[in-house]
Amino acid sequence: MELTLLPQVMINGLTLGTNYVLMALGFTMIFGVLRIVNFAHGEFYMLGAFTTFMVVTQLNLNYFLAVVIAVVSGGLLGVVAEEAIFRHFRDKELEGMIVALGLSILIQNLALLAWGPYDQSIPPVFLGIFKIGTIFYPVERLMVVLISFCLMAGFYLFLKRTKVGLAIRAIAQDMECARIQGIRIHRLYPVAFAIGTGLAAASGAVIGPIFQLNPWMGHMPQLKAFVVVILGGIGSIPGAFLGGFILGVTESFVTTYGSKALADMLGFVLVIGILLFRPSGLFGQSQVTR
Amino acid sequence: MREKHPEVKKVAILGPNDESGWETVEHNVRGHKGVGHEIVFRDFFERGTVDFMPILSKTFVQNPDALNLDGSNPGDCGLILKQARQMGYKGKIIKTGGPGTPEMLKVAGKDLMEGFIYYSPINPDYPKIKEITKKYESKFPPPMNGFTPQFYDGTGWLFEAMKKAGTVTDTEKVKQALENSTFEGIYTGPMSWVGKEFYGIDHQVKFPFYVMAVRDGREVVLGRVVP
Numbered sequence: 002m003e004l005t006l007l008p009q010v011m012i013n014g015l016t017l018g019t020n021y022v023l024m025a026l027g028f029t030m031i032f033g034v035l036r037i038v039n040f041a042h043g044e045f046y047m048l049g050a051f052t053t054f055m056v057v058t059q060l061n062l063n064y065f066l067a068v069v070i071a072v073v074s075g076g077l078l079g080v081v082a083e084e085a086i087f088r089h090f091r092d093k094e095l096e097g098m099i100v101a102l103g104l105s106i107l108i109q110n111l112a113l114l115a116w117g118p119y120d121q122s123i124p125p126v127f128l129g130i131f132k133i134g135t136i137f138y139p140v141e142r143l144m145v146v147l148i149s150f151c152l153m154a155g156f157y158l159f160l161k162r163t164k165v166g167l168a169i170r171a172i173a174q175d176m177e178c179a180r181i182q183g184i185r186i187h188r189l190y191p192v193a194f195a196i197g198t199g200l201a202a203a204s205g206a207v208i209g210p211i212f213q214l215n216p217w218m219g220h221m222p223q224l225k226a227f228v229v230v231i232l233g234g235i236g237s238i239p240g241a242f243l244g245g246f247i248l249g250v251t252e253s254f255v256t257t258y259g260s261k262a263l264a265d266m267l268g269f270v271l272v273i274g275i276l277l278f279r280p281s282g283l284f285g286q287s288q289v290t291r
Numbered sequence: 009m010r011e012k013h014p015e016v017k018k019v020a021i022l023g024p025n026d027e028s029g030w031e032t033v034e035h036n037v038r039g040h041k042g043v044g045h046e047i048v049f050r051d052f053f054e055r056g057t058v059d060f061m062p063i064l065s066k067t068f069v070q071n072p073d074a075l076n077l078d079g080s081n082p083g084d085c086g087l088i089l090k091q092a093r094q095m096g097y098k099g100k101i102i103k104t105g106g107p108g109t110p111e112m113l114k115v116a117g118k119d120l121m122e123g124f125i126y127y128s129p130i131n132p133d134y135p136k137i138k139e140i141t142k143k144y145e146s147k148f149p150p151p152m153n154g155f156t157p158q159f160y161d162g163t164g165w166l167f168e169a170m171k172k173a174g175t176v177t178d179t180e181k182v183k184q185a186l187e188n189s190t191f192e193g194i195y196t197g198p199m200s201w202v203g204k205e206f207y208g209i210d211h212q213v214k215f216p217f218y219v220m221a222v223r224d225g226r227e228v229v230l231g232r233v234v235p
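As given, the protein sequences belong to chains C and B, one line each in that order.
Per the numbering used here, residue 2 is the first one in the first sequence, and the count goes up by one each step.
Per the numbering used here, residue 9 is the first one in the second sequence, and the count goes up by one each step.
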């Protein structure tokens, strides 16, 4: 085992973990509040990336503005999806899951018609490399981490310091009690959904300049978000944070010292193990029947 | 590589983790060893991988003078090249399998692609190739796939064999006419059969190809090889 690689492995893993956390936060938010397993979550990630691509390359606007537009439009699409489709399946988990799968296929194929099957690329925004000892770190990736942390901080402050955030947490904790307290549950569902899809779009917008874009790019991040949420505990925000970084660092370690195939398998082996032995995940609570 | 870049002694090969990748990596290993290169590292990745930093971290610890991208698809190649250069890798990056440099340029950008060396079945500046590219892209979304001229000439060869056989329905006669012929492709040049040494039968098509490089975002011919 080449130990000189360890610092690089850790940095790679933390970067990867940042992206997983951002995806997982949105996913767990939607499930925690609306009890919907949003299998179209990866498609909002993809739409966020393509929105950024279009704003930067077709409208020639600034990248940061493009990210803002991507997040806002991802959120608005989430409101539309919730009001037009998912509100008919509130408290119907199985039907909601199937509808989400259908929406995922629909969005992928619309993207295929719009942008074609070829990989697209957002021109590099941040150039240069940091070199510290044996560690190489592209500036591009550092910016991904910084922007992601800003978004996570904003999300945290929203949940902790605003009335709407408090209300959303109350619904996630116990819907009946939240209703008794006078919280208008049905008005907050679209807000929660919008935040979830906005975070997914943000993740796609932020990672877009680093990787390539195509209509299927949301598939693997969706699966990873699922793994992180199971690992951290369904509906648990702290769990999503910790789970994302654990998965990112572990995958980086296994890919570097083992193989990519092994690393990809690992996540799903973890899911099976957790569901068998600790179904609530690291931070989740036991499920309460609503 | 041996003639023009004698400083390359150690090579790393990354290929896709499937039947195609496993097959072509062996050919690459044989080719490199045949010119005296040492294979210091080889590994496989899943097609569609987007983050290559872990596998590249492992690769560069071996200090290869050249990184061979084997038969990886253009999208993956573009990402590997981009991330390798972003990690500070200064060695040669080459690709021995298949066209797709325009797609790679889109992903990696011209600055990071500078000096990339690759195999190409066509010379994109050859007038006939420009002509077919223009015709193709007037009907279908660009870019034209680099294999298209070969498919065109391959079809032409088949039609020629049907004419010689005097039939389009007797597949055995057409097969024999095809096996016992050569063909002068409009875009590809002289085409003939090879393969007995490796596969026991001459059913692989041989045709001239080009060694190309990217210079200032443009595809430049370094040489033409007539096998």
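Just so you know, even glycine gets a beta-carbon here, dropped at the ideal spot from N, CA and C.
Please read these numbers as outputs of a predicted model, since none were measured by experiment.
Residue j beta carbon less than 9 Å from that of residue i
| i | j | result |
| --- | --- | --- |
| L35 (chain C) | Y190 (chain C) | yes |
| I21 (chain B) | D51 (chain B) | yes |
| G300 (chain C) | I238 (chain C) | Any question about residue 300 (chain C) goes unanswered here, given that chain C covers just 2 to 291. |
| F194 (chain C) | A82 (chain C) | yes |
| T196 (chain B) | T104 (chain B) | no |
| I125 (chain B) | I102 (chain B) | yes |
| I130 (chain B) | Q91 (chain B) | no |
| G106 (chain B) | P82 (chain B) | yes |
| T163 (chain C) | P8 (chain C) | no |
| D120 (chain C) | K114 (chain B) | yes |
| V165 (chain C) | T29 (chain C) | no |
| F53 (chain B) | N25 (chain B) | yes |
| L48 (chain C) | G249 (chain C) | no |
| G103 (chain C) | A202 (chain C) | no |
| F54 (chain C) | G209 (chain C) | yes |
| F284 (chain C) | G233 (chain C) | yes |
| V207 (chain C) | I130 (chain C) | no |
| V16 (chain B) | G99 (chain B) | yes |
| W116 (chain C) | F51 (chain C) | yes |
| V146 (chain C) | M98 (chain C) | no |
| T109 (chain B) | E27 (chain B) | no |
| H35 (chain B) | M9 (chain B) | no |
Same chain, Cβ closer than 7 Å to residue i, five either side skipped, listed in chain order
| i | result |
| --- | --- |
| Y64 (chain C) | V57, V126 |
| S253 (chain C) | V10, N13, G14, L17 |
| Q288 (chain C) | At Q288 (chain C) the pLDDT is 49, less than 50, meaning the model places this residue with poor confidence; the figure from the coordinates comes in the next sentence. Closer than 7 Å at the Cβ level, and outside the excluded window around Q288 (chain C), lies no residue. |
| E11 (chain B) | none |
| H211 (chain B) | W201, G203 |
| I292 (chain C) | Outside the displayed range of chain C (2 to 291) lies residue 292 (chain C), so it cannot be described from this structure. |
Spatial neighbours of residue i in its chain, beta-carbon cut-off 8 Å, leaving aside the 5 residues before and after
| i | result |
| --- | --- |
| F150 (chain C) | T19 |
| V233 (chain B) | P216, F217, Y218, V219 |
| Q70 (chain B) | K18, A20, V48, F49 |
| R291 (chain C) | Its pLDDT being 41, under 50, R291 (chain C) is placed unreliably in this model, and the value from its coordinates should be taken loosely. Excluding sequence neighbours, R291 (chain C) sits near R36, D92, M176, E177. |
| Y97 (chain B) | L64, F68, L75 |
| M170 (chain B) | V176, V182, A185 |
Cβ shell of residue i (< 6 Å), same chain only, five flanking positions each side left out
| i | result |
| --- | --- |
| G43 (chain C) | G219, H220, P222, Q223 |
| V213 (chain B) | M199 |
| P235 (chain B) | K214 |
| K118 (chain B) | G225 |
Distance cut-off 8 Å: residue i Cβ against heavy atoms of the ligand ATP
| i | result |
| --- | --- |
| L26 (chain C) | This structure lacks the ligand ATP, and indeed carries no ligand of any kind. |
message: Within 8 Å, do at least three Cβ pairs link the segment 235–243 of chain C to the segment 20–34 of chain C?
response: yes
query: What residues in the segment 88–101 of chain B have a beta carbon less than 7 Å from any beta carbon of chain C?
result: Q94, M95, G96
task: Tell me the start and end of each unbroken beta strand (DSSP E) in the segment 93–140 of chain C that is at least 3 residues and wholly inside, in chain order.
output: 130–133, 136–139
- request: Go through the segment 129–215 of chain B residue by residue and report every complete run of the alpha helix (DSSP H) that reaches 4 residues or more, in order.
  value: 135–147, 156–173, 179–187, 204–207
message: My parser needs the beta strand (DSSP E) runs of 3 or more residues fully inside the segment 67–136 of chain B; what are they?
response: 74–76, 100–103, 125–128
- prompt: Does the segment 141–159 of chain B come close enough to the segment 172–192 of chain B that 3 or more CB-CB pairs lie under 8 Å?
  reply: Taking a contact to require three or more Cβ pairs closer than 8 Å, the segment 172–192 of chain B and the segment 141–159 of chain B do not qualify as touching.
message: Which residues of the segment 96–130 of chain C have a Cβ closer than 8 Å to any Cβ of chain B? Give them in chain order.
response: G117, Y119, D120, Q121, S122, P124, P125, I130
query: Are three or more beta carbon pairs between the segment 153–172 of chain C and the segment 91–98 of chain C nearer than 8 Å?
result: no
task: Could you pull out every unbroken alpha helix (DSSP H) segment of at least 4 residues lying fully inside the segment 26–104 of chain C, listed in chain order?
output: 42–58, 64–85
query: Are the segment 259–275 of chain C and the segment 73–87 of chain B in contact at 8 Å, needing three or more beta carbon pairs?
result: no
query: For the segment 81–100 of chain B against the segment 199–216 of chain C, are there 3 or more C-beta pairs whose distance is under 8 Å?
result: yes
task: Pair every Cβ in the segment 220–229 of chain B with every Cβ in the segment 205–212 of chain B, then say whether three or more of these pairs are closer than 8 Å.
output: They do not touch, by the three-pair rule.
- prompt: What are the complete alpha helix (DSSP H) segments, minimum 4 residues, inside the segment 219–267 of chain C?
  reply: 220–233, 238–258
query: Counting Cβ pairs closer than 8 Å, one from the segment 178–187 of chain B and one from the segment 145–164 of chain B, do we hit at least three?
result: no
- prompt: Listed in chain order, which residues of the segment 48–77 of chain B have Cβ atoms closer than 8 Å to some Cβ of chain C?
  reply: D51, F52, F53, E54, G56, T57, V58, D59, M61, P62, I63, S65, K66, V69
query: Listed in chain order, which residues of the segment 132–147 of chain B have Cβ atoms closer than 9 Å to some Cβ of chain C?
result: none
- request: Pull out every residue of the segment 107–118 of chain B whose Cβ sits closer than 7 Å to any Cβ of chain C, in chain order.
  value: E111, K114, V115, G117
query: Got a sec: which bits of the segment 237–269 of chain C sit with their beta carbon under 9 Å from any beta carbon on chain B, in order along the chain?
result: E252, S253, F254, V255, T256, T257, Y258, S260, K261, A262, A264, D265
message: Give the list of continuous alpha helix (DSSP H) stretches no shorter than 4 residues that lie fully inside the segment 160–215 of chain C.
response: 164–174, 176–181, 186–208
Interface positions of the segment 19–41 of chain B facing chain C (Cβ-Cβ less than 7 Å), listed along the chain: Closer than 7 Å at the C-beta level to chain C, one finds these residues of the segment 19–41 of chain B: N25.
field: Cβ-based contacts, 7 Å cut-off: residues of the segment 14–25 of chain C near chain B
entry: L17
message: Beta carbons nearer than 9 Å to chain C: which residues of the segment 192–219 of chain B have them?
response: none
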